[in-house]
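Protein sequences appear in the order of chains X and Y.
Residue numbers for the first sequence follow the working numbering, so the first one is 1 and each next one is one higher.
Residue numbers for the second sequence follow the working numbering, so the first one is 1001 and each next one is one higher.
All remarks here apply to the structure that follows.
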Amino acid sequence: MENIVNNRIKLELLSKGENVSLARITIAAFVSQLNLTLNDLEEIKVAVSEAVSNSIIHGYQNETDKFITIIGTLYTDKVEIEVADNGIGIPNIKIAMEPTFSTDPERMGLGFVFMQSFMDEVRVESKVDYGTKVILSKKINSTKENIAVS
Amino acid sequence: MCLIMNSKKNALLIKVGGDFDLVSASVFREKIDKSLDETMCKHLLIDLSRVKFIDSSGLGVILGRYKKIKGNNGVMVIYGANPAVEKILGISGIVPLINVCRSEEEAWKIIDKTEVKEV
Chain X
1 MENIVNNRIK
11 LELLSKGENV
21 SLARITIAAF
31 VSQLNLTLND
41 LEEIKVAVSE
51 AVSNSIIHGY
61 QNETDKFITI
71 IGTLYTDKVE
81 IEVADNGIGI
91 PNIKIAMEPT
101 FSTDPERMGL
111 GFVFMQSFMD
121 EVRVESKVDY
131 GTKVILSKKI
141 NSTKENIAVS
Chain Y
1001 MCLIMNSKKN
1011 ALLIKVGGDF
1021 DLVSASVFRE
1031 KIDKSLDETM
1041 CKHLLIDLSR
1051 VKFIDSSGLG
1061 VILGRYKKIK
1071 GNNGVMVIYG
1081 ANPAVEKILG
1091 ISGIVPLINV
1101 CRSEEEAWKI
1111 IDKTEVKEV
């Protein structure tokens, strides 16, 4: 039941700041196919924004000619959004995910904190010099009437 | 993203609008720092009522300005955040540091109190 893919979207975007809003708005429109609350939508937007911003700032060190791949999947009971880059990777994921850890003094190191606060699960896969993949998932309170009777 | 600025009583008031993310954060940082330097204002008020979206990039700029204002013994007040923005502020832990209130009127009261104390 839980692994049935109801719909999927794949986006490839250049690592430009302008594409952060494009990514979160596109994903928000995509997940709107489900009966989510406005609050859920806002939370997903923030999480996507953080993951894509991280790829640009940290993964690609603000280089704007690289690609970020975003795959959104709607399952019967959850939404999963995968944000992947081929950037520098994270040497120590555990440390990177700690609040207030940031390699940039103007930033607060809150990216992962928001992702974890707003999503039910945040998985990070990373290899130095190969890139990082962040998988965000959020459970859906699937009200029975949303699911087409088959 | 739009910015409206004016200054009075040694305070700079900034009204931010739209989405406050990676792109707008750098614009905001530059403009606000330039205005603070030009007006030599000590205090800073930020109206967030027109902000529809904020993430850690936007928050980072707010925190950065707070550090700057505090370093100059000034007071910073943010007001008018919608519930979604308020939630983000809450999780970030900046609320105990920065004065957060509902309206411009309340924000000016906080500034007035500080100015009176100093006189």
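Quick reminder that beta carbons are idealized off the backbone N, C-alpha and C, glycines included.
Around phenylalanine 1053 of chain Y, the beta-carbon contacts reaching into chain X at under 7 Å are Lys45. Annotation for alanine 84 of chain X: no alpha helix (DSSP H) segment contains it, though the beta strand (DSSP E) segment containing it runs 78-85. The three-state secondary structure of tyrosine 130 of chain X, taken from DSSP, is coil. Between alanine 28 of chain X and threonine 37 of chain X, the alpha-carbon positions lie close to 11 Å from each other. For the segment 1002-1076 of chain Y, the continuous beta strand (DSSP E) assignments of 3+ residues that do not extend past its boundaries occur at 1002-1008, 1011-1020, 1043-1054, in sequence order.
The DSSP-derived three-state label of valine 1095 of chain Y is coil.
Against chain Y, the CB of phenylalanine 67 of chain X has no partner CB under 8 Å away; the residue lies outside that interface.
Around the beta carbon of leucine 1097 of chain Y, fewer than 16 other beta carbons lie within 10 angstroms, which makes this residue exposed. Here the segment 53-63 of chain X lies against the segment 85-101 of chain X, with 3 or more beta-carbon pairs under 8 Å apart. Every beta strand (DSSP E) stretch that sits fully inside the segment 27-83 of chain X and reaches 3 residues is listed by chain position as 67-75. Among the residues of chain Y, those whose CB is under 8 Å from the CB of isoleucine 56 of chain X are Leu1022, following chain order.
For glutamate 121 of chain X, not one C-beta of chain Y is nearer than 8 Å to its own C-beta. Any Cβ of chain Y closer than 8 Å to the Cβ of phenylalanine 30 of chain X would place that residue at the interface, and such an atom is absent. With fewer than 16 neighbouring CB atoms inside 10 Å of its own CB, glutamate 18 of chain X falls in the exposed class. Residues of the segment 1072-1095 of chain Y with a C-beta atom less than 9 Å from some C-beta of chain X are Pro1083, Ala1084, Lys1087, Ile1088, Ile1091, Ser1092, Gly1093, Ile1094, listed in chain order. The beta carbon of serine 1049 of chain Y sits no closer than 8 Å to any beta carbon of chain X. Under the Cβ distance rule, serine 1056 of chain Y counts among the residues neighbouring chain X, one pair being separated by less than 8 Å. By the Cβ-count criterion, threonine 73 of chain X is buried, with 16 or more other Cβ atoms from all chains shown falling within 10 Å of its own Cβ.
Between the alpha carbons of valine 5 of chain X and serine 117 of chain X lies a gap of roughly 25 Å.
Following the DSSP letters along the chain, one finds lysine 94 of chain X inside the alpha helix (DSSP H) bounded by residues 93-96.
In the three-state reduction of the DSSP assignment, isoleucine 1078 of chain Y falls in the strand class, which pools E and B.
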